[in-house]
Amino acid sequence: MSTNVGYRGQRFGVKKAYVTEPATGIKAAEVEAKPATVNWDQAALEAEEIGKRYDRSPVLDGVGFSVQSGECFGIIGPNGSGKSTLLKLLSGVEAPDDGAVRFAGRPLGAYGRKELARRMAVLEQETLPPVGFTVREVVEMGRYPHQNWLGDETEDSEERIDSIMRKLGLSRMAGRTLEHLSGGEKQRVALAKVMAQEPELLILDEPTTYLDIGRQIQLMDRIREWQDEARLTVIAVLHDLNLAALYCDRLLLLHRGRVAGIGTPAEMLTAERLAEVYGIAPILTTHPVRGVPQVLLQPGGWMPGTED
């Protein structure tokens, strides 16, 4: 059974979007409860009307939001919407031209490099060093922020690394070099490296790119487990809207360098918003177990006038 859902794109004469009924009859409110680890009264990171320009061309304009402690906060939007630039500003790689970013109540620029690395980690698409390093050596690199000026670490650093490698199934390949690993194995090593940093905030830049669907779920499950155990705050740029709905507490929808909306997956993944921002006429359904929206694509479901 399906129900027509209108949106502004209908004036172009394209196909209508549809929302299907949940297969199990479970109400979304019954299964979309927020995890107990989220502190909705404490902001971990705040973006205060930040803007960024390159060659006088605005890439981000007036972007403002807060990420709560223990939250998994997803950033979605089409290519060219400013997602990668936003992550650079949030992680301190670049400074905003306008506005400010605050982490744990302090301006991001007030942190020293090593202090920030102890509290914030970034898992990027290409986060591993060149070939030649072993799995163990790469994971140990994550402990650098915790070393003193002599290169010494805490007494339990080796135990922590051993525990992380066991948890991610890397112990048996500790001596293997990176060039002999599969894509999924490399992604696990990259995750182990940032886990070794023991951050308060983890920033993910399209972490599931190039992974098959099984590896995508494994990776996101491991991150969610780590988040729950360590009360970790996660900010993730995700292209896959369905993964974003399954794993994120809230989503920020970015469009042409501006915030098009912030809210729960059910609030952001609507036919109207997807038509306006992505130029598509999707079929929306409700996940039968999780109760969150899932986006189904259909051939010919793009809107005229949205081609590159």
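The sequence shown: position 82 = 128 (my numbering), numbered continuously. No residue lacks a Cβ here, since even glycine has one placed at the ideal position from N, Cα and C.
With distance defined between alpha-carbon atoms, name the residue in the options nearest to residue i.
{"i": "residue 248", "options": "101, 323, 272", "result": "272"}
{"i": "residue 332", "options": "344, 316, 321, 95", "result": "316"}
{"i": "residue 162", "options": "130, 246, 219, 231", "result": "246"}
{"i": "residue 136", "options": "234, 235, 166, 342", "result": "166"}
{"i": "residue 303", "options": "123, 102, 115, 89", "result": "123"}
{"i": "residue 84", "options": "277, 330, 187, 130", "result": "277"}
{"i": "residue 284", "options": "101, 93, 125", "result": "125"}
{"i": "residue 182", "options": "252, 279, 235, 140", "result": "235"}
Enumerate in chain order the residues of its own chain whose CB-to-CB distance from residue i is below 8 Å, with the five nearest sequence positions on each side excluded.
{"i": "residue 97", "result": "104, 106, 107, 108, 109, 142, 143, 144, 145"}
{"i": "residue 203", "result": "189, 192"}
{"i": "residue 79", "result": "Caution is warranted here: a pLDDT of 44 is assigned to residue 79, below 50, making its placement in the model unreliable, and no coordinate value can be reported."}
{"i": "residue 342", "result": "328, 329, 330, 331"}
{"i": "residue 99", "result": "105, 143"}
{"i": "residue 270", "result": "118, 293"}
{"i": "residue 130", "result": "251, 283"}
{"i": "residue 164", "result": "191, 192, 243, 244, 245"}
Roughly how many angstroms lie between the CA atoms of residue i and residue j, to the nearest whole one?
{"i": "residue 239", "j": "residue 256", "result": "19 Å"}
{"i": "residue 216", "j": "residue 120", "result": "28 Å"}
{"i": "residue 313", "j": "residue 193", "result": "44 Å"}
{"i": "residue 259", "j": "residue 157", "result": "38 Å"}
{"i": "residue 325", "j": "residue 348", "result": "6 Å"}
{"i": "residue 250", "j": "residue 169", "result": "5 Å"}
{"i": "residue 152", "j": "residue 241", "result": "23 Å"}
{"i": "residue 296", "j": "residue 118", "result": "7 Å"}
{"i": "residue 230", "j": "residue 218", "result": "15 Å"}
{"i": "residue 227", "j": "residue 87", "result": "43 Å"}
{"i": "residue 210", "j": "residue 322", "result": "43 Å"}
{"i": "residue 225", "j": "residue 95", "result": "43 Å"}
{"i": "residue 134", "j": "residue 213", "result": "30 Å"}
{"i": "residue 264", "j": "residue 116", "result": "20 Å"}
{"i": "residue 243", "j": "residue 344", "result": "42 Å"}
{"i": "residue 261", "j": "residue 286", "result": "14 Å"}
{"i": "residue 320", "j": "residue 206", "result": "43 Å"}
{"i": "residue 346", "j": "residue 221", "result": "50 Å"}
{"i": "residue 102", "j": "residue 275", "result": "44 Å"}
{"i": "residue 282", "j": "residue 132", "result": "11 Å"}
{"i": "residue 93", "j": "residue 293", "result": "22 Å"}
{"i": "residue 232", "j": "residue 254", "result": "12 Å"}
{"i": "residue 208", "j": "residue 187", "result": "14 Å"}
{"i": "residue 279", "j": "residue 159", "result": "20 Å"}
{"i": "residue 140", "j": "residue 266", "result": "27 Å"}
How many whole angstroms separate the CB atoms of residue i and residue j, which I take to be in contact at a CB cut-off of 8 Å?
{"i": "residue 138", "j": "residue 300", "result": "Wrong, their Cβ atoms sit about 19 Å apart, outside the cutoff."}
{"i": "residue 289", "j": "residue 268", "result": "That belief does not hold up - the Cβ atoms of residue 289 and residue 268 are roughly 14 Å apart, past 8 Å."}
{"i": "residue 174", "j": "residue 184", "result": "6 Å"}
Tell me which residues share the same chain as residue i and place their Cβ nearer than 7 Å to its Cβ, disregarding the 5 neighbours each side in the sequence.
{"i": "residue 223", "result": "177, 178, 179, 180"}
{"i": "residue 291", "result": "311, 315, 338, 339, 340"}
With a CB to CB cut of under 6 Å and the five nearest residues on each side skipped, what residues in its chain are close to residue i?
{"i": "residue 154", "result": "138, 147"}
{"i": "residue 91", "result": "113, 149"}
{"i": "residue 82", "result": "Because the pLDDT of residue 82 is 49, which lies under 50, any placement of that residue in the model is unreliable, and the question is left without a value."}
{"i": "residue 308", "result": "111, 298"}
{"i": "residue 305", "result": "109"}
According to DSSP, what are the bridge partners of residue i?
{"i": "residue 301", "result": "304"}
{"i": "residue 112", "result": "92"}
{"i": "residue 103", "result": "100"}
{"i": "residue 144", "result": "97"}
{"i": "residue 85", "result": "115"}
{"i": "residue 149", "result": "91, 152"}
{"i": "residue 341", "result": "330"}
{"i": "residue 234", "result": "Bridge partners of residue 234: none, in fact."}
{"i": "residue 250", "result": "169, 282"}
{"i": "residue 180", "result": "223"}
{"i": "residue 348", "result": "326"}
May I ask you to check if the CB of residue i is nearer than 7 Å to at least one heavy atom of the ligand FAD?
{"i": "residue 223", "result": "Only the bare structure without any ligand can be found here, which leaves the ligand FAD out of the picture."}
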